[in-house]
Amino acid sequence: MSTRCKFVFITGGVMSGIGKGVVTSSLGKILQFRGFNISVVKIDPYLNVDPGTLNPIEHGECFITHHVWDFKPVAGSDERIYRISEIDQDFGTYERFLGIEIHPSHNITSGQIYLSTILSERKGKFLGRTVQIIPHCTNMIKERLMQIANDEDLDILLVECGGTVGDLESDIFLEAFRQIRLELPKNYTAFVHVTLIPYSRAVGQQKSKPTQHSVKMLQSAGLQPDILIGRSEKPLEKEIKAKLSLFSNIPNTAVISNPDLESVYELPLLFEDQKLGDFLCNILDLKAKLVSYSKVNNYSEWLKIVELFKNAKETVKIAMPGKYFNISDSYISINDALKHAAVHQGYKTELKMINIVEDTNIEEELKDCDGILLTPGFGERAVEGMIKSAEHAMEKKIPFLGICFGAQLFFIAFCRKYLGLKGANSTEIDPNTPYPVVDLLDSQKDVKEKGGTMRLGGLKIIIEEGTQLFKAYKKKEIVERFRHRYHINSKYIKEEAKINGLVISSRDKSGIIINSIELNREDHWIVGTQFHPEFKSRPYRPSECYSAFMRACINFKKDKSKTI
Ligand code: GLN
Numbered sequence: 329m330s331t332r333c334k335f336v337f338i339t340g341g342v343m344s345g346i347g348k349g350v351v352t353s354s355l356g357k358i359l360q361f362r363g364f365n366i367s368v369v370k371i372d373p374y375l376n377v378d379p380g381t382l383n384p385i386e387h388g389e390c391f392i393t394h395h396v397w398d399f400k401p402v403a404g405s406d407e408r409i410y411r412i413s414e415i416d417q418d419f420g421t422y423e424r425f426l427g428i429e430i431h432p433s434h435n436i437t438s439g440q441i442y443l444s445t446i447l448s449e450r451k452g453k454f455l456g457r458t459v460q461i462i463p464h465c466t467n468m469i470k471e472r473l474m475q476i477a478n479d480e481d482l483d484i485l486l487v488e489c490g491g492t493v494g495d496l497e498s499d500i501f502l503e504a505f506r507q508i509r510l511e512l513p514k515n516y517t518a519f520v521h522v523t524l525i526p527y528s529r530a531v532g533q534q535k536s537k538p539t540q541h542s543v544k545m546l547q548s549a550g551l552q553p554d555i556l557i558g559r560s561e562k563p564l565e566k567e568i569k570a571k572l573s574l575f576s577n578i579p580n581t582a583v584i585s586n587p588d589l590e591s592v593y594e595l596p597l598l599f600e601d602q603k604l605g606d607f608l609c610n611i612l613d614l615k616a617k618l619v620s621y622s623k624v625n626n627y628s629e630w631l632k633i634v635e636l637f638k639n640a641k642e643t644v645k646i647a648m649p650g651k652y653f654n655i656s657d658s659y660i661s662i663n664d665a666l667k668h669a670a671v672h673q674g675y676k677t678e679l680k681m682i683n684i685v686e687d688t689n690i691e692e693e694l695k696d697c698d699g700i701l702l703t704p705g706f707g708e709r710a711v712e713g714m715i716k717s718a719e720h721a722m723e724k725k726i727p728f729l730g731i732c733f734g735a736q737l738f739f740i741a742f743c744r745k746y747l748g749l750k751g752a753n754s755t756e757i758d759p760n761t762p763y764p765v766v767d768l769l770d771s772q773k774d775v776k777e778k779g780g781t782m783r784l785g786g787l788k789i790i791i792e793e794g795t796q797l798f799k800a801y802k803k804k805e806i807v808e809r810f811r812h813r814y815h816i817n818s819k820y821i822k823e824e825a826k827i828n829g830l831v832i833s834s835r836d837k838s839g840i841i842i843n844s845i846e847l848n849r850e851d852h853w854i855v856g857t858q859f860h861p862e863f864k865s866r867p868y869r870p871s872e873c874y875s876a877f878m879r880a881c882i883n884f885k886k887d888k889s890k891t892i
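Below, the structure written as C-alpha cells:
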C-alpha cells in the first residue's frame, strides 16, 4: 500500500445522530484553512447498496450528487452496473462546508463491499481460496480508499464511519482502518472519536462513563483514538476533560468540546479556538501550506459567514407541508437552503413543518406563514393535503416554491382549479386517473428495478427568458440536480392553461421534459421546479432559486405588516 495521502478516521461512540457529519466537515474545514487538498469518504455499514431506497424517516434525507457513478461490483466487468448518485445526507453537510463536489464513489456501504466480494468470487477472482471477511472484504475496503486518495491526488482523506463503535456491521471497517494504520508509515493516520457526553441533572454533572465504555470498545478493536470530541449541551468542564484524558489514554489537549451552537457553521471556529487544527497537523506531521484568498477555504472569510448567520435577527416564517417529519433531518438540504437564502437577506428562518394527516386543517396551519415550500416525496400519503396547500397559495397569493413532488402537486392543483379537470392526478398516486397530468417519464416505462433507476444527477436546464426563474438565475443555461420518475405532462399545457397564466419556465436540453412551471402573475411569486436547487446551496453562495423565493417571502411579510 503506497500513497502520499494521509488519513483521518472518524468514529462515533455512545449514540448515533450526534452530528458526526458536522464534526467531520469542520475537521475538513480547518484543514482547508491550512491550504490542504482534502476530501471525505463516508462509510455506511448497512447492507443497502446505496440509501436510495430508504425511507427518509429511517435515515434522513437522501442527498444527490452532481455525478452519477457507474458502480461495477466486479472490477473490469460491465456485466452488472449500478448507477449511484443517491447518497447519505452527510454528503450535503460535507459539500456545504467544504465547497467541493464529492463523487458518489465516496459513499462506501457494506452492501457494496459484500456484493463485490460475492460476485467477484463467482467470476473466479479468488480461485482456490476460501473467501473471508479478512482479508477479502477488508482488502476491498482498503482498495476503495486508496484509489480515491491516489486518483484525486489528495493531501488528506477524512473517512467517517457511520453508526457507533460496537455495531456488528461496522466491525469490518474498523478492522480495515486498523490495517491501514499498521501498513502506512507513522504519522499517516489519525483517529478521532466523537461521543456524547450526557449531563445528569440529578447530580448536576457531565458524565464520562458512556464515553469510557465506547473508547474501551474501540481499543478492543485494536484502535487507540488520538483525539476525543465530546458532544454536549454546554462546553466540557475541566474535570470531565481530565477524566476523559486519563481513561482514554490521550493528552488533555486532545479532548475537545463540541457544545450546542447557534449555527453549525461555527464549529470550525470553535475547533480553531481549541487549537485542534494545529494539534491534528502535528499528529499527521503536516506543515500548513500557503492559503490563497478564497471565499470557500479562508479562515477570515468563514468568520464573516458565521457572523452573517449569527447576526440575522428578524424572522421569516416558511410553512413546509409534507410527510416525513418524524425526524428533523428528512429535508435537511431544503432547511439549509432556506436558511442560507434568508441570512444573506438579513433574516433567519422559522420553519413550520406540517406533518399532514387525514384531519389536518390546511388553511388553519398555513394562516400566518410568509411563504410555502411544498416538499419532495413519494407515494400517496398526505398528497391531498399537499395539493390543498398549493391551492391555498394560489388563492391567497402566498409566495410558493414546489420542489419535485411539490411542483407536480402544484400542477395537479392548477389543473383541478383552473382547467376544471376533476380527478386530475399523478399516475404515481392514481394509476386510473381520468387526467394523468403527471405521468411516468418515457425513459422510465421499461424500468423494472428499484434503486439507482430514477432520472438522477446534475443535468442541464434551459430557462425561458422573462420568467421568474430567469429573473432568479439571470442565465439561460444552468445545471441543477434531479431525482424523479414522473414529470409534468406537457399534453395538458395547451391554450387554456396558458390563458390561466401557466408558464413553462424551463425544459431539458432536448426540449421535451418540463423542468419547471410557474404562474405569470405580477403580484404572486409561485414556482415549481422538477429539480432540487437545495443540493447546490452553500452558506457562502445561496441558491439563486431559493434566494428569489425568499425575497418574495420577505416582501410578502413586509406588505402584510403594512396592511395590519
Ligand atoms: N415521486 C415523484 C417522482 O418520482 C417525485 C420525486 C421527488 O420528489 N424527488 O417523480
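Under the numbering used here, the first residue of the sequence shown is numbered 329, with each subsequent residue one higher.
Backbone N, C-alpha and C define an ideal beta-carbon position, used for all residues, glycine too.
In this text the structure is predicted, and so the values were computed from the model without any measurement.
Span of the beta strand (DSSP E) around residue i
i: Leu729; result: 728-731
i: Gly349; result: Segment 348-361 is the alpha helix (DSSP H) holding Gly349; no beta strand (DSSP E) there.
i: Ile832; result: 830-835
i: Asp499; result: Premise fails: Asp499 lies in the alpha helix (DSSP H), 499-511, not in any beta strand (DSSP E).
i: Phe391; result: 390-399
i: Ile845; result: 842-847
i: Ser367; result: 366-372
i: Lys676; result: 675-683
Which of helix, strand or coil DSSP assigns to residue i
i: Asn435; result: strand
i: Ala718; result: helix
i: Ala477; result: helix
i: Phe337; result: strand
i: Tyr868; result: coil
i: Ala582; result: helix
i: Cys465; result: helix
i: Asp770; result: helix
i: Ala518; result: strand
i: Phe742; result: helix
i: Asp416; result: strand
i: Cys932; result: Beyond the ends of the chain as shown, which are 329 and 892, falls residue 932; an answer cannot be given.
i: Thr445; result: helix
i: Glu642; result: strand
i: Gly427; result: coil
i: Glu850; result: coil
i: Val711; result: helix
Best match in the options for proximity to residue i [C-alpha to C-alpha]
i: Leu787; options: Ile415, Phe863, Cys609, Asp406; result: Phe863
i: Met474; options: Cys333, Asp696, Phe637, Gln736; result: Cys333
i: Glu503; options: Pro463, Arg744, Gly730; result: Pro463
i: Tyr516; options: Asp851, Ser330, Ala876; result: Ser330
i: Cys390; options: Pro704, Gly856, Lys716; result: Pro704
i: Ser591; options: Lys888, Ile842, Val350; result: Val350
i: Val487; options: Phe859, Phe519, Ser844, Gly494; result: Phe519
i: Val282; options: Leu375, Ile358, Gly494, Asp378; result: Examination of residue 282 is not possible in this model, given that the chain is present from 329 through 892 alone.
i: Phe728; options: Met681, Arg809, Val855, Lys680; result: Val855
i: His815; options: Leu375, Val766, Ala718, Ala670; result: Val766
i: Ile338; options: Thr688, Glu692, Cys489, Gln533; result: Cys489
i: Cys697; options: Val711, Phe706, Leu679; result: Leu679
i: Lys645; options: Lys514, Arg879, Ile415, Gln417; result: Arg879
i: Glu434; options: Pro762, Asp378, Phe706, Ser844; result: The sequence given here has His at residue 434, not Glu. Nearest C-alpha to His434: Asp378.
i: Gly439; options: Met782, Glu497, Ile842; result: Glu497
i: Ala640; options: Arg408, Gly650, Glu600, Lys676; result: Lys676
i: Asp613; options: His852, Pro513, Ile790, Asp664; result: Pro513
Residue i: first and last residue of the uninterrupted alpha helix (DSSP H) it sits in
i: Tyr627; result: 627-639
i: Val671; result: 660-671
i: Val543; result: 537-548
i: Asn610; result: 604-611
i: Pro384; result: 384-387
i: Ile827; result: 823-827
i: Pro596; result: 595-601
i: Glu691; result: 690-694
i: Leu375; result: Here Leu375 belongs to no alpha helix (DSSP H), and DSSP marks it neither H nor E.
i: Ile568; result: 566-576
Closer than 8 Å to chain C by CB, residue i
i: Ile791; result: Protein chains in the displayed structure number just one, and chain C is not present.
Cβ distance (whole Å) where residue i is taken to contact residue j below 8 Å
i: Gly779; j: Gly380; result: 5 Å
i: Glu792; j: Ile832; result: 7 Å
i: Gly363; j: Leu618; result: 6 Å
i: Asn753; j: Ile740; result: 6 Å
i: Ile430; j: Thr393; result: 7 Å
i: Tyr593; j: Glu561; result: Wrong, their Cβ atoms sit about 19 Å apart, outside the cutoff.
i: Ser353; j: Leu447; result: Going by Cβ atoms, the distance from Ser353 to Leu447 rounds to 33 Å, so no, they are not a contact pair.
i: Ser536; j: Leu589; result: Their Cβ separation, rounded to whole angstroms, is 22 Å, which puts Ser536 and Leu589 out of contact at 8 Å.
i: Ile500; j: Thr445; result: Ile500 to Thr445, Cβ: 10 Å. No contact.
Hey, which residues come within less than 5 Å of the ligand GLN, measuring from Cβ to any heavy atom, in chain order?
Pro704, Phe706, Cys732, Phe733, Arg811, His812, Arg813, Tyr814
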